[in-house]
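First residue of the sequence shown: 7, per my numbering; consecutive thereafter. Cβ coordinates follow ideal geometry from the N, Cα and C atoms, glycine included. Each remark here refers to the structure printed beneath this line.
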Amino acid sequence: TAVAGVGAAWRWQGLGGEAFDGAAVKQMQRFLSPDQPRVRILGGTRFNSGQAPSPEWQPFGAYQFVLPLLEYLEVEGGVVLAATLAWDSTASESTAPPSTQPAPPAISASKATSPNNRQA
Numbered sequence: 007t008a009v010a011g012v013g014a015a016w017r018w019q020g021l022g023g024e025a026f027d028g029a030a031v032k033q034m035q036r037f038l039s040p041d042q043p044r045v046r047i048l049g050g051t052r053f054n055s056g057q058a059p060s061p062e063w064q065p066f067g068a069y070q071f072v073l074p075l076l077e078y079l080e081v082e083g084g085v086v087l088a089a090t091l092a093w094d095s096t097a098s099e100s101t102a103p104p105s106t107q108p109a110p111p112a113i114s115a116s117k118a119t120s121p122n123n124r125q126a
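Structure below.
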């Protein structure tokens, strides 16, 4: 299985030495639902959040996760191309750090195709 994502419908990033903790996980879990099993969040964390990152890693913060705007997924017998839109009218990038913004529900639309049923 191969997965590729482009862009971010929503992003979570830990600033400086901020630890990746249960509060961050809780924010991300608001996007995940059994009703939308293909919505996925991709990313990673620093191995040692207490240590200052080297200059080339500073833009990524202590952790960074994204809900991809566009996602390509190879599945058995075909591929899935999904577009995800997310919003929250109460959150503003200018008023809260990305890691503390309330996470809105996600809407995901996908189109599955098989090698025998290709769509143009």
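Residue range 9–20 is occupied by the beta strand (DSSP E) that includes Ala14. The C-alpha of Gln64 lies about 28 Å from the C-alpha of Leu38. Boundaries of the alpha helix (DSSP H) harbouring Gly28: 28–35, taken from the DSSP string.
Between Arg17 and Val72, the C-beta spacing is below 7 Å. When only Cα atoms are considered, Glu80 and Ala25 end up about 33 Å apart.
Leu48 is bridged by DSSP to Val72. Beta-bridge annotation (DSSP): Gly84 is paired with Val81.
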